[in-house]
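Step one of this worksheet: look at the structure below.
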Amino acid sequence: MGYNSRRPHRVPLISTTNRKKRLQFAQAHQNWTVEDWKNVAWSDESRFLLRHSDGRVRIWCKQNENMDPSCLVTTVQAGGGGVMVWGMFSWHTLGPLVPIGHCLSTTAYLSIVSDHVHTFMTTMYPSFDGYFQQDNAPCHKAQIISNWFLEHDN
Numbered sequence: 368m369g370y371n372s373r374r375p376h377r378v379p380l381i382s383t384t385n386r387k388k389r390l391q392f393a394q395a396h397q398n399w400t401v402e403d404w405k406n407v408a409w410s411d412e413s414r415f416l417l418r419h420s421d422g423r424v425r426i427w428c429k430q431n432e433n434m435d436p437s438c439l440v441t442t443v444q445a446g447g448g449g450v451m452v453w454g455m456f457s458w459h460t461l462g463p464l465v466p467i468g469h470c471l472s473t474t475a476y477l478s479i480v481s482d483h484v485h486t487f488m489t490t491m492y493p494s495f496d497g498y499f500q501q502d503n504a505p506c507h508k509a510q511i512i513s514n515w516f517l518e519h520d521n
């Protein structure tokens, strides 16, 4: 019949509401020029693992080879470590790269925003024509963060 068992591709879950918001954003900005996009500074967090990926490892071996060194995957305590960072960039330059804890709390994010975003934006866009773009992570949408941006919207 042509069917084979295989692992499905992993894709992020995007709600219907967020799909609509993404489409609205794309439609609202479809006529922006490169010059317009040069006024946008982007930010995000990322985690880098030192030992392995988060995916499941698979090997091929015969039944009696399961303890053969070529069929083993070594492990270390606590997963081998890694680092999580927050950073931002624009058309013009790279911004700060800030190491953060295991997860980013609202308080930690407020500290990053107040220490780094405002300085970067006022330096790169002294005429206040820049836009700061972030994703919809829960700590980005917290009321204290929204209030900070409203107070510093100049």
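Numbering-wise, the numbering used here comes out as the position in the sequence shown, counting from 1, plus 367.
Built from N, CA and C at the ideal position, the CB exists for glycine as well.
This one's a predicted model, so the numbers in the text were calculated from it and none came from an experiment.
- Can you round the beta-carbon distance between GLY454 and LEU439 to whole angstroms, since I take them to be within the 8 Å contact cut? As a working note, residue 454 is residue 87 in the sequence shown. As a working note, residue 439 is residue 72 in the sequence shown. That belief does not hold up - the Cβ atoms of GLY454 and LEU439 are roughly 36 Å apart, past 8 Å.
- Item | Whole-angstrom distance between CYS428 and MET434, CA atom to CA atom | Position 67 of the sequence shown, counting from 1, holds the residue named residue 434. Position 61 of the sequence shown, counting from 1, holds the residue named residue 428. If you take the alpha carbons of MET434 and CYS428, they lie about 10 Å apart.
- Message: Suppose you measure from the CA of THR486 to the CA of VAL480; what does that come to, to the nearest Å?
- Response: As a position in the sequence shown, residue 486 is number 119, starting the count at 1. As a position in the sequence shown, residue 480 is number 113, starting the count at 1. Their backbone Cα atoms lie some 9 Å apart in a straight line.
- Task: Provide the residue span of the alpha helix (DSSP H) that contains TYR498, from first to last.
- Result: Position 131 of the sequence shown, counted from the start, is the residue given in the question as residue 498. Looking at the DSSP string, TYR498 is not in any alpha helix (DSSP H); the run it does join, the beta strand (DSSP E), is 498 to 500.
- Query: Nearest to GLU402 by CA position, among HIS469, TRP458, PRO466, MET451, is which residue?
  - Reply: Sequence index remark: in the sequence shown, residue 402 carries index 35 (1-based). Closest by alpha carbon: TRP458.
- Message: For the alpha helix (DSSP H) containing TRP404, name the first residue and the last one.
- Response: On the sequence shown, position 37 is the one that residue 404 refers to. Residues 401 to 404.
- TYR492 versus GLN500: straight-line alpha-carbon distance, rounded: In the sequence shown, the residue the question calls residue 492 occupies position 125. In the sequence shown, the residue the question calls residue 500 occupies position 133. Straight-line Cα distance between these residues: approximately 14 Å.
- Distance between LEU416 and HIS469 (C-alpha atoms, nearest Å): The residue given as residue 469 occupies position 102 in the sequence shown. The residue given as residue 416 occupies position 49 in the sequence shown. Cα to Cα, HIS469 sits roughly 12 Å from LEU416.
- Exposed or buried, SER410, counting other C-beta atoms within 10 Å across all chains shown (16 or more means buried)? Here the question's residue 410 lines up with position 43 in the sequence shown. Buried, since its Cβ has 16 or more Cβ neighbours within 10 Å.
- For the beta strand (DSSP E) that LEU417 lies in, which residues bound it at each end? Stepping through the sequence shown from its first residue, residue 417 is reached at position 50. From DSSP, LEU417 is part of no beta strand (DSSP E); its letter is neither H nor E.
- Going by alpha carbons, who is nearest to TRP404 out of ASN503, GLY448, PHE456? Locating residue 404 in the sequence shown gives position 37, counting from the first residue. The residue with the shortest Cα to Cα distance from TRP404 is PHE456.
- Length of the line joining the Cα atoms of LEU478 and GLN397: If you number the sequence shown from 1, residue 478 lands on position 111. If you number the sequence shown from 1, residue 397 lands on position 30. A small correction: the amino acid at residue 478 is Ser; Leu does not occupy that position in the sequence shown. Their Cα atoms are separated by approximately 33 Å.
- Excluding the five sequence neighbours on either side, which residues of its own chain have a C-beta within less than 6 Å of the C-beta of HIS507, listed in chain order? The count along the sequence shown starts at 1 and reaches residue 507 at position 140. GLN501.
- Task: Report the rounded CA-to-CA distance for LYS388 versus THR490, giving the unit in angstroms.
- Result: For the purposes of this step, residue 388 is identified with residue 21 of the sequence shown, where counting begins at 1. For the purposes of this step, residue 490 is identified with residue 123 of the sequence shown, where counting begins at 1. So the two alpha carbons sit approximately 30 Å from each other.
- Item | Neighbourhood of SER437 by C-beta distance below 8 Å, restricted to the same chain and skipping five residues each side | Here residue 437 refers to the residue found at position 70 when the sequence shown is read from its first residue. The answer, listed in chain order, is CYS428.
- Kindly indicate which three-state DSSP category SER481 falls into: helix, strand or coil? For this step, residue 481 is matched to residue 114 along the sequence shown. SER481: helix per DSSP, three-state reduction.
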